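**Q** Pasting a structure below so you can have a look.
Protein chains: 2
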Amino acid sequence: MKNIHCDAYHVFFKNLANPLKIGIIAELKEKPSSVNELSEKLNVEQSKLSHSLANLRFCSLVNSKQVGKKRVYSLNKKTILPILKIIDKHRQTECTGCKVK
Amino acid sequence: MKNIHCDAYHVFFKNLANPLKIGIIAELKEKPSSVNELSEKLNVEQSKLSHSLANLRFCSLVNSKQVGKKRVYSLNKKTILPILKIIDKHRQTECTGCKVK
DNA sequence: TATTCATATGAACTCATAGTCATATGAAAA
DNA sequence: TTTTCATATGACTATGAGTTCATATGAATA
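If you want it as structure tokens, here you go:
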């Protein structure tokens with residue numbers, strides 16, 4: 659995802675096609691967090707998170723604001739939550755045998 | 659996507675994180691089509707399409723029925739279209755600088 | 001302004017997944 | 001029942017996204 663623009667659906671969806679990023683989203687769904695907080699909660703190394711967060715930010719799926727030394731990330735719930743809801747429903751009604759968690 | 663189940667969001671989204679599959683979806687949005695029809699319209703080789711279609715079927719994003727020698731694929735519009743709509747809106751309102759087409 | 005804390009970035013590496021090609025399967029018509 | 005048309009499948013390769021590690025940047029405090 660370097661040097662290209664979010665100019666196609668698939669670029670956007672790459673953010674959702676990755677377990678770590680889904681994990682980040684799940685965490686931020688609960689509450690805004692700094693990189694270190696995410697690192698502890700998810701037990702994932704800092705730079706790994708920063709890279710992932712950069713992608714999420716790139717497509718405006720998360721926002722960030724500087725708070726003291728920390729940078730706090732928050733989820734763009736307006737877009738993500740409805741999408742996840744649709745998938746949940748899809749799983750129940752259409753996707754027999756598929757288990758989305 | 660072999661030997662694993664559609665048991666997580668990211669497996670589902672992998673189908674949308676790929677230009678070809680998005681192209682297939684765009685075609686099937688217009689009308690149900692056989693593999694050969696897709697091959698001509700998208701100018702993509704047959705086996706490539708069959709592989710992609712297998713993934714899409716795996717997550718119930720498309721359905722298929724045998725019609726004579728052909729197998730006709732159709733889009734599961736109930737799930738996909740609302741999602742694409744959300745992205746379109748996201749692009750307009752949240753994703754300044756991003757151009758989803 | 002030097003130091004420390006917090007995060008971002010770059011480059012190299014790894015590995016998953018899309019793509020390729022040859023071949024198998026399956027349905028219908030001859 | 002053989003041939004042809006249509007699609008699926010398997011194995012291999014290549015591409016690109018995720019990971020890692022070292023280092024840079026940036027904010028705040030001493």
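Residue numbers (our numbering), protein chains in the order written: chain A, 659 to 759; chain B, 659 to 759.
Cβ coordinates follow ideal geometry from the N, Cα and C atoms, glycine included.
Every value quoted in this text rests on a predicted model; they were computed, and no experiment measured them.
List, in chain order, every chain A residue whose beta-carbon is nearer than 7 angstroms to that of Ile682/B.
**A** The contacting residues do not exist; Ile682/B stays about 12 angstroms from chain A at best.
**Q** Within the same chain, show all residues whose beta-carbon is closer than 8 angstroms to that of Val725/B, passing over the 5 residues directly before and after it, in chain order.
**A** Ser692
**Q** Give every residue of the same chain whose Cβ lies closer than 7 angstroms to the Cβ of Gln750/B, excluding the five residues on either side of it in the sequence, and list them in chain order.
**A** none
**Q** Near Ser697/A, which residues of its chain fall below 8 angstroms by C-beta distance, leaving aside the five closest residues on each side in sequence?
**A** Excluding positions up to five away in sequence, the list reads Glu703, Gln704, Leu707.
**Q** What are the start and end residues of each continuous beta strand (DSSP E) run of 3 or more residues lying completely inside the segment 675 to 755 of chain A, in chain order?
**A** 720 to 725, 728 to 733
**Q** Can you check whether the C-beta of Asn694/A is within less than 8 angstroms of a C-beta belonging to chain B?
**A** no
**Q** Do you know whose CA, among Leu711/A, Ile682/A, Leu714/A, Ala712/A, lies nearest Lys699/A's CA?
**A** Ile682/A
**Q** When you check each C-beta in the segment 711 to 734 of chain A against every C-beta of chain B, which residues fall closer than 7 angstroms?
**A** Cys717, Ser718, Asn734
**Q** Strictly under 8 angstroms for the Cβ-Cβ distance: is His709/A near chain B by that measure?
**A** no
**Q** Within the 8 angstroms Cβ cut-off, does Ile744/B reach chain A?
**A** yes
**Q** Cβ of Val730/A within 8 angstroms of Cβ of Lys723/A?
**A** Val730/A places its beta carbon less than 8 angstroms from that of Lys723/A.
**Q** Using CA atoms only, rank isn't needed, just tell me which of Pro690/A, Cys753/A, Glu752/A is closest to Leu719/A.
**A** Pro690/A
**Q** How many whole angstroms separate the CB atoms of Ile680/B and His668/A, which I take to be in contact at a CB cut-off of 8 angstroms?
**A** 5 angstroms
**Q** Cα separation between Pro677/A and Asn676/B?
**A** 16 angstroms
**Q** Go ahead and label Asn734/B buried or exposed: buried means 16 or more other beta carbons lie within 10 angstroms of its beta carbon, across all protein chains shown.
**A** buried
**Q** Let me make sure I understand the geometry here. Which of Glu688/A, Ile744/A, Ile738/A, Ile745/A has the alpha-carbon closest to that of Arg715/A?
**A** Ile738/A
**Q** With distance defined between alpha-carbon atoms, name the residue in Asp746/B, Asn713/B, Lys727/B, Cys753/B nearest to Cys753/A.
**A** Asn713/B
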